[in-house]
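*Asks:*
In mature numbering (1 follows the signal peptide of the UniProt record, and there is no 0), the protein residues as written are -25 to -1, 1 to 398.
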């Protein structure tokens, strides 16, 4: 039998399966634009020995009894989808031997530096004298995220973000932030989505990789001068102002949602300051899974929310709160932990941060007011002040005077203390 005959026979079999009433009653028809891919993946899912996720909730399913099993289920689904993403130019990372640790496959090889420009991450130059080697091991404990490398050797992250028939706020927000108009805005310091891809009823986003992937946490590499601390503060205050101008409240402003365009993996905390040169570094915010967006004409001073916010820098809001003012407080709490290394050279920053964290929402600064006030502080610094050395290597995350103690914070978040803690 010729190869062509076999191909025709296979196609006929596939068609007969799809039109069979019995098959249609029991088979999940995968929704894809291309007919032949729809046939192929419907049969593949039907014959799979594992249960393939149908909805976003299936990907995010928590397993409190065995978190490892939750990750393994997601891992199996990603491995199942390898041919789908390969057909779109992405080679998924290898299935990890160690829980949540994955590495790129040998091919395609990592692209040269001149191809890994924004939105892709820089790696540490071999001649940086940083004493740090780039480590491409990637760590992820969320089953809805997976690493991949495109045909040119550039690393990306693929994240399942929405059901197609029930758009999540995250998908709507990312579409808005990645519109042509906002992408051209230099104030837009948010994650750059390379493309949205649909598989069945699931929407996946591909973006230049970030923290724990190829965009490290913005606060991991040590700061060495006051000027570096001023630059990172200015960048994130302006990023927040931009979001609020477009009526987006982030509501999850934490270290792991702030990135910079470099990747050293587990070595990032020892990386050379050569990566923080103002002309090269980019600071961004990402992960809008808990965010809210309001109509463009909304008066943000009148908005209130009641969803839980896990403050670690101050008491968590009780009752209704303004989400935009909450953002300002969270941003100040995050920056305070690192930028206070500059307080001896720039004493004005401490009262400034406390105005951003004012426990009274009515007198707390807005994002725009914070930018304006900080710029005045920054412009008033001398060259000597800006060049003042700091060392953030061993003393990150300085606590605010509003921060609850560990026991109070644990009770606030979990409602109880373990027996061991109480003894």
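From the three backbone atoms N, C-alpha and C, an ideal C-beta is built for every residue, glycine too.
#1: Determine which residues share a DSSP beta bridge with residue 280 and list them.
#2: Roughly how many angstroms lie between the CA atoms of residue 353 and residue 198, to the nearest whole one?
#3: Going by the DSSP bridge assignment, what does residue 234 pair with across the sheet?
#4: What is the residue span of the alpha helix (DSSP H) that residue 208 lies within?
#5: Quick one: what does DSSP say residue 161 is sitting in, helix, strand or coil?
#6: If we cut at 8 Å on Cβ distances, does residue 359 have a partner in chain D?
#7: Tell me whether residue 34 is buried or exposed, calling it buried when 16 or more other Cβ atoms sit within 10 Å of its Cβ.
#8: Considering just the uninterrupted stretch of the alpha helix (DSSP H) at residue 67, what are its terminal residues?
#9: Taking only three categories from DSSP, how would you classify residue 224?
#10: Among the candidates 293, 366 and 321, whose CA atom is the shortest distance from the CA of residue 351?
#11: How many angstroms separate the CA atom of residue 365 from the CA atom of residue 287?
#12: Rounded to a whole number of angstroms, what is the C-alpha to C-alpha distance between residue 21 and residue 267?
#13: Out of 310, 144, 204 and 132, point me to the one whose CA is closest to residue 170's CA.
#14: Tell me whether residue 267 sits in a helix, a strand or coil according to DSSP, three-state version.
#15: Can you tell me whether residue 23 is helix, strand or coil according to DSSP?
#16: Looking at the unbroken alpha helix (DSSP H) that takes in residue 361, where does it start and where does it end?
#17: On the three-state DSSP scale, how would you describe residue 378?
#18: Flag this pair as yes or no: are the beta carbons of residue 310 and residue 377 separated by less than 8 Å?
#19: If we ignore side chains and look at the alpha-carbon of each, how far apart do residue 130 and residue 314 end up?
#20: When the Cα of residue 274 is compared with those of 179, 190, 219 and 211, which residue comes out closest?
#21: Could you give the residue range of the alpha helix (DSSP H) that holds residue 343?
#22: Just the Cα atoms here: how many angstroms apart are residue 166 and residue 214?
#23: Mind checking whether residue 264 and residue 289 have CB atoms under 8 Å apart?
#24: In terms of residue numbering, what span does the alpha helix (DSSP H) encompassing residue 323 cover?
#25: According to the Cβ coordinates, are residue 345 and residue 303 closer than 8 Å?
#26: By a C-beta neighbour count over all protein chains shown, 10 Å radius and 16 as the cutoff for buried, is residue 9 buried or exposed?
#27: With distances taken between CB atoms, is the gap from residue 123 to residue 65 smaller than 8 Å?
#28: Roughly how many angstroms separate the alpha carbons of residue 140 and residue 3, rounded to a whole number?
#29: If you count every other CB in all the chains shown that lies within 10 Å of the CB of residue 300, and 16 or more means buried, which is it?
#30: Whole angstroms is fine: what's the gap from residue 285's alpha carbon to residue 150's?
#31: Flag this pair as yes or no: are the beta carbons of residue 271 and residue 234 separated by less than 8 Å?
#32: When we look at the beta-carbon of residue 231 and count the other beta-carbons within 10 Å, is it buried (16 or more) or exposed?
#33: DSSP three-state call for residue 97: helix, strand or coil?
*Replies:* Based on what the coordinates show:
#1: 296
#2: 17 Å
#3: 192 and 259
#4: 201 to 220
#5: coil
#6: Protein chain content of the structure displayed is limited to a single chain, and chain D is not contained in it.
#7: buried
#8: Not the alpha helix (DSSP H): residue 67 falls in the beta strand (DSSP E), residues 65 to 67.
#9: strand
#10: 321
#11: 24 Å
#12: 37 Å
#13: 132
#14: strand
#15: coil
#16: 358 to 361
#17: coil
#18: no
#19: 31 Å
#20: 219
#21: 342 to 354
#22: 11 Å
#23: no
#24: Residue 323 -> no alpha helix (DSSP H), and no H or E assigned at all.
#25: yes
#26: exposed
#27: yes
#28: 16 Å
#29: buried
#30: 27 Å
#31: no
#32: exposed
#33: strand
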